[in-house]
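Top line first, the protein sequences correspond to chains A and B.
Counting from -9, one number per residue, gives the positions in the first sequence under the numbering used here.
Counting from 73, one number per residue, gives the positions in the second sequence under the numbering used here.
To keep things clear, I will list the structure first and then write my remarks on it.
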Amino acid sequence: DAKTTQPPSMDCAEGRAANLPCNHSTISGNEYVYWYRQIHSQGPQYIIHGLKNNETNEMASLIITEDRKSSTLILPHATLRDTAVYYCIVRVYNTDKLIFGTGTRLQVFP
Amino acid sequence: SAVISQKPSRDICQRGTSLTIQCQVDSQVTMMFWYRQQPGQSLTLIATANQGSEATYESGFVIDKFPISRPNLTFSTLTVSNMSPEDSSIYLCSVSWTETQYFGPGTRLLVL
């Protein structure tokens, strides 16, 4: 199973863009990258996913490098409510299984 | 998105007893998953539950300890058997829905 590596913690000022990096150098060509976040031990919340193209939705943007070995989640205007643990996950090929890593704890400060 | 509920939301149990956690989803789904999140840790997949077949357990988890039922396409249960304090965790179910997994709110279990 492809593993992901994320920084354990990051800070971001409110109103600024939060850029969360993820390394997934062993990803296979048909494996998707998913991002979830978990606020205060609630159930993880889906943010976005992608295969090779950049993706954007109402919550965030996902930038995947051309070689697919890394990606960046961008929260364009971080708010205090974006403080959470963010998980970058590579979905196991040919299954729906998600294997969680340790994630990045994002702290948004005023 | 799929809406998922879990019961109970939290419980305090005595060691040696068992607790059954229920997961209900508002849509018919093929695949449901059970996760455990120990204090301060990330989520660990326990098993995959498909309707009409036996659950598939991940390494380190066994059916005798975590029996799972999946009687229909909207419901599943996870039982935590013969509990010890090490079983104190948040237990979460999730469902696979249109390429995405959606998670329930979790069941917070404390074993004394």
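Even for Gly, the Cβ is constructed at its ideal location relative to N, Cα and C.
These numbers were taken from a predicted model, which means no experiment stands behind them.
Short CB-CB distance (under 8 Å) between residue i and chain B
i: A:F90; result: yes
i: A:I5; result: Correcting the residue type first, residue 5 of chain A is Gly in the shown sequence and not Ile. No, its Cβ sits nowhere closer than 8 Å to a Cβ of chain B.
i: A:Y83; result: no
i: A:Y36; result: yes
Beta-bridge partners of residue i, as assigned by DSSP
i: B:N144; result: B:F147
i: B:S161; result: B:L181
i: B:A121; result: B:M104
i: B:D83; result: B:L181
i: A:Y76; result: A:R27 and A:T94
i: A:H39; result: A:Y24
i: A:Q81; result: The sequence given here places Arg at residue 81 of chain A; Gln does not occur at that position. Answer is A:L88, bridged to A:R81.
i: B:T172; result: B:W169
i: A:E45; result: A:L52
Reference residue i; option with closest CA among the options
i: B:S161; options: B:Q78, B:T120 and B:V183; result: B:V183
i: B:Q123; options: B:V101, B:R82, B:V75 and B:T151; result: B:V101
i: A:A3; options: A:L70, A:S15, A:E21 and A:T94; result: A:L70
i: A:S18; options: A:T46, A:V80 and A:C12; result: A:V80
i: A:D72; options: A:G40, A:M49, A:K(-7) and A:T85; result: A:M49
i: A:D57; options: A:H14, A:G33 and A:L65; result: A:H14
i: B:R82; options: B:A121, B:Y163 and B:E171; result: B:Y163
i: A:Q32; options: A:N84, A:T85, A:V82 and A:Y76; result: A:Y76
Within-8 Å CB hit, residue i to chain A
i: B:M103; result: yes
i: B:S114; result: yes
i: B:T120; result: yes
i: B:S168; result: yes
Listed by chain order, chain A residues near residue i by CB distance under 7 Å
i: B:I162; result: S31
i: B:P177; result: Q32 and G33
Chain B residues whose Cβ lies nearer than 9 Å to that of residue i
i: A:E39; result: First, the residue type needs correcting, since residue 39 of chain A is His and not Glu in the sequence shown. Those are E171 and T172, listed as they occur along chain B.
Neighbour-count burial assignment, residue i, 16 or more Cβ in a 10 Å radius
i: B:G178; result: buried
i: A:S61; result: buried
i: B:F175; result: buried
i: A:G93; result: buried
i: A:T(-6); result: buried
i: B:G132; result: exposed
i: B:F138; result: buried
i: B:I140; result: buried
i: B:D159; result: buried
Partner residues on chain B for residue i, Cβ-Cβ distance less than 7 Å
i: A:K87; result: L117 and T120
Under 8 Å from the C-beta of residue i: neighbouring residues of chain B
i: A:G93; result: S114
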